[in-house]
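Here the protein sequences come in this chain order: A and B. Using this note's numbering, read the first sequence as starting at 1 and increasing by one per residue. Using this note's numbering, read the second sequence as starting at 262 and increasing by one per residue. Each residue gets a CB set at the ideal place from its N, CA and C atoms; glycine is no exception. Since we're looking at a predicted model, the values are computed, not measured. In what follows, a structure is listed as structure tokens, so that the remarks can point back to it.
Protein chains: 2
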Amino acid sequence: MKTRHSFQDSSPGSGGIAREEKVVRLATERRTRAGAGADAEAIYQRILAAIIEHRLAPGRKLVEERLAAVFGASRAMIRQVLTRLSHEMVVTLIPNRGAFVAEPTVEEAREVFEARRLIEPALARKLALSATPAQLARLRRLVVAEEKARADRDRQQVIRLSGEFHLEIAEMAGNAILARQMRELTLLTCLIIILYDSPLGRACPDDEHRQLLDAFAQRDQQRAAALMLHHLDHVEHSLDISLAAQEDDDLERIFSPISPL
Amino acid sequence: MKTRHSFQDSSPGSGGIAREEKVVRLATERRTRAGAGADAEAIYQRILAAIIEHRLAPGRKLVEERLAAVFGASRAMIRQVLTRLSHEMVVTLIPNRGAFVAEPTVEEAREVFEARRLIEPALARKLALSATPAQLARLRRLVVAEEKARADRDRQQVIRLSGEFHLEIAEMAGNAILARQMRELTLLTCLIIILYDSPLGRACPDDEHRQLLDAFAQRDQQRAAALMLHHLDHVEHSLDISLAAQEDDDLERIFSPISPL
DNA sequence: AGTCAAGAAATTGTCGACAAAAAAGTTTAT
DNA sequence: ATAAACTTTTTTGTCGACAATTTCTTGACT
């Protein structure tokens, strides 16, 4: 019983439907007005999608009653969804203040990439050994979709599809625990890229995903692991983190006696 | 602002109090009767402690109203705590059926150890480089406590303290994201040991923690990483998992045409 | 004008009540 | 006596109402 996950499909409920369709569905209003169905899972999916696709920017406040109205659900239901999102670190819950789309700090960003460097090369190595033709085909579809999005200059979709590519690898590697952790890490990475991607340079490098795919196809474990590691370094260094572009928040540092730069 | 965590202290709220004391507090009834204070955090701590210390066995059903009565809290509050525990995989939440103390499968157990083998040697390596005398002292205290518990044949405490030792290392290594993930993994490991530890052989090997500590003290990165890896292998192989001692549940396999053994 | 304080509005936190579902117990028919 | 169907009890899921807190607005004072 192999489950098929994605950002939008990680918990119990509806099984495998093609990815693209699902995203369209998420962007489309299905129910009567603005989605009058009160299903926690569906609401979770839609809020998560909105965050991943940057329609809800990091730092954005999520007012419970407002969301309840939008989804035609009770506040209790919204609350449930928000706590789940907060456990997944996509949303920050501040007591008596409310819920906010998470804003990973540069420090957290570094930590996320450090974690990924430990985990993902090993997953790539595993998958290189075990990948079935069907799995390779699935990955190929994701890469193609990503390349298309890049050609269309659809930055949001590139980020999302890139994340799904990595997540798919994690899930194919056959360790549900690690896949779960990788899901958190890739979600965070999406937020990090939104926050810190340098305006000009797009963070998701050209054809590295395709190279990785080739390594899987050739069952080249060493190369797969090495490519993954290199890829992660590449992504991290394409961000403004390297030079410590800090938040607006740390006024203390900005106005500290000695200039930070 | 370095936070000091432990199994019982991982979220906002009360800062650093000595470990031993805290555990005693957890075992002791503080309030009027059976703890009439309705504080979500406190309730979380106590239920978690009960699970870690095996007073609530894996598979045990957790009835909301019962817990509410015990803690003098509302059902809503209990519900909140249970969902948190379920997100941390310590509790399994089955819709319309209720909450149960998690029972990791052998497959999950293997996955947990695989994940730990990826992460923990790297953390050990990091800490070997950066450990301060204060940190070493703290670890030493944990090791001593664990050795004492072992001398007293207090299996529960050995398991708990062993887990805290690993968690402490993760938190000292300076990566909050990884520390968070390690917390989940060590909690799961506690459940796994409770479930699968072979009756005679105690799962937490003799002096490996102390050796690890020595490696930290000597700043021997290579040795620290190698010891950690070996230690994890040792713990895993001391369990009945290796020989696939399955659950009671899989009657299908037990009564399958060909005997499983 | 600017700052502080009090009041008003908006928002979150908590609870108890009711509805829906599952589990346990009882009756009835074969 | 066993098994199915029905009833009762227990337990979970959901909601709206109220209390507590924060945030915004207004107005007085320097």
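Tell me whether A/His166 is buried or exposed, calling it buried when 16 or more other Cβ atoms sit within 10 Å of its Cβ.
With at least 16 other beta carbons inside 10 angstroms of its own, A/His166 counts as buried.
Using a beta-carbon distance below 8 Å, is B/Val373 in contact with chain A?
Closer than 8 Å to some Cβ of chain A, the Cβ of B/Val373 qualifies, so yes.
Between the segment 435–447 of chain B and chain A, which residues of the former have a C-beta closer than 7 Å to a C-beta of the latter?
Answer in chain order: Asn436, Ala437, Ile438, Leu439, Gln442.
Could you check which residue in B/Ile455, B/Ser459, B/Ala406, B/Ala385 has the C-alpha nearest to that of B/Leu473?
B/Leu473 has its Cα closest to that of B/Ala385, out of B/Ile455, B/Ser459, B/Ala406, B/Ala385.
Residue(s) in a DSSP beta bridge with B/Phe361:
For B/Phe361, which the question treats as bridged, DSSP gives the partners B/Lys322, B/Thr353.
Please check if any C-beta of chain A sits within less than 8 Å of the C-beta of B/Thr450.
Against chain A, the CB of B/Thr450 has no partner CB under 8 Å away; the residue lies outside that interface.
Quick one: residues in its chain with C-beta nearer than 6 Å to the C-beta of A/Leu62, no 5 flanking neighbours on either side, listed in chain order?
The residues are Ala99.
Would the segment 56–75 of chain A count as touching the segment 99–108 of chain A if we require 3 or more Cβ pairs under 8 Å?
Enough Cβ pairs lie closer than 8 Å, so yes.
Can you list the residues of chain A that B/Ala383 reaches, using a CB-CB cut of under 7 Å?
At a C-beta separation below 7 Å, B/Ala383 has these neighbours in chain A: Leu118.
Would you kindly work out how many angstroms separate the C-alpha atoms of A/Asp152 and A/Leu161, rounded to a whole number?
Those two C-alpha atoms are separated by around 13 Å.
Contacting residues, own chain, Cβ-Cβ under 8 Å from A/Ala225 (five flanking each side not counted)
Non-local beta-carbon contacts of A/Ala225 in its own chain, meaning distances under 8 Å to residues more than five positions away in sequence, involve Pro121, Ala122, Ala124, Arg125, Ala128 in chain order.
Return the first residue and the last residue of the alpha helix (DSSP H) that B/Glu425 is part of.
Counting along the chain, the alpha helix (DSSP H) containing B/Glu425 begins and ends at 416–433.
Secondary structure of A/Asp233, DSSP reduced to three states:
DSSP places A/Asp233 in helix when its eight states are reduced to three.
Measure the CB-CB distance between A/Leu232 and A/Val112 and report whether it falls below 8 Å.
Cβ atoms of A/Leu232 and A/Val112: not closer than 8 Å.
Flag B/Ala376 as yes if its beta-carbon sits less than 8 Å from any beta-carbon of chain A, otherwise no.
Chain A, which has a Cβ nearer than 8 Å to the Cβ of B/Ala376, makes this yes.
Minimum Cβ-Cβ distance from A/Thr132 to chain B less than 8 Å
Not one chain B Cβ lies under 8 Å of A/Thr132.
Within 8 Å (strictly less), CB to CB, does B/Glu369 reach chain A?
Between B/Glu369 and chain A, the shortest Cβ-Cβ separation is below 8 Å.
Measure the beta-carbon distance from B/His495 to B/Val404 and round it to whole angstroms, keeping in mind my assumption that it falls under 8 Å.
Their Cβ separation, rounded to whole angstroms, is 16 Å, which puts B/His495 and B/Val404 out of contact at 8 Å.
Give the interface partners of A/Thr83 over in chain B, defined as CB-CB distance under 7 Å, in chain order.
Residues of chain B passing the Cβ test: Thr344.
Rounded to whole angstroms, what is the Cα-Cα separation between B/Ser459 and B/Ser499?
Between B/Ser459 and B/Ser499, the alpha-carbon positions lie close to 7 Å from each other.
With a threshold of 6 Å on Cβ separation, who are the neighbours of A/Thr186 within its own chain once the five nearest residues in sequence on each side are excluded?
Cβ neighbours of A/Thr186 beyond the five flanking positions: Gly163, His166, Leu167.
Note down the Cα distance separating A/Leu82 from B/Ala476, rounded to an integer number of angstroms.
A/Leu82 and B/Ala476 have their C-alpha atoms spaced approximately 43 Å apart.
Determine the direct distance from the alpha carbon of B/Ala410 to that of B/Arg416, and round the result to whole angstroms.
Computed Cα separation, rounded: 7 Å.
If you draw a straight line from the C-alpha of B/Gln306 to the C-alpha of B/Ala334, how long is it?
Just so you know, the alpha carbons of B/Gln306 and B/Ala334 end up roughly 14 Å apart.
Cβ pair A/Leu178, B/Ala376 closer than 8 Å:
With a cutoff of 8 Å on beta-carbon distance, A/Leu178 and B/Ala376 are scored as near each other.
For the segment 346–363 of chain B, enumerate the residues whose C-beta is nearer than 7 Å to any C-beta of chain A, in chain order.
Taken in chain order, the members of the segment 346–363 of chain B whose beta-carbon sits within less than 7 Å of a beta-carbon on chain A are His348.
Drop a sphere of 10 angstroms on the beta-carbon of B/Gln442, count the other beta-carbons inside from all chains shown, and report buried for 16 or more, exposed for fewer.
Counting Cβ neighbours within 10 Å, B/Gln442 comes out buried, since at least 16 surround it.
By DSSP, does B/Thr450 sit in helix, in strand, or in coil?
DSSP, read as helix, strand or coil, puts B/Thr450 in helix.
Cross-strand partners of B/Leu500 (DSSP beta bridge)
Beta-bridge pairing links B/Leu500 to B/Asp458.
Tell me where the alpha helix (DSSP H) around A/His209 begins and ends.
Bounds of the alpha helix (DSSP H) holding A/His209 are 208–217.
Based on Cα-Cα distance, which residue from B/Arg484, B/Met489, B/Gln479, B/Ala303 lies nearest to B/Thr393?
Checked all of B/Arg484, B/Met489, B/Gln479, B/Ala303; the closest Cα to B/Thr393 is B/Gln479.
Please list the terminal residues of the continuous alpha helix (DSSP H) segment that includes A/Glu53.
It is not in any alpha helix (DSSP H) - A/Glu53 carries neither H nor E in the DSSP assignment.
Between B/Leu379 and A/Met228, what straight-line distance do the alpha-carbon atoms span, to the nearest angstrom?
The alpha-carbon separation between B/Leu379 and A/Met228 amounts to approximately 15 Å.
Taking the alpha carbon of B/Asp468 as the point to measure from, which residue in B/Glu445, B/Glu408, B/Ile308, B/Arg371 has its own alpha carbon closest?
Residue B/Glu408 holds the alpha-carbon nearest to the alpha-carbon of B/Asp468 among B/Glu445, B/Glu408, B/Ile308, B/Arg371.
Where does A/Ser74 fall in DSSP's three states?
When secondary structure is reduced to three states using DSSP, A/Ser74 falls in the coil class, being assigned neither helix nor strand.
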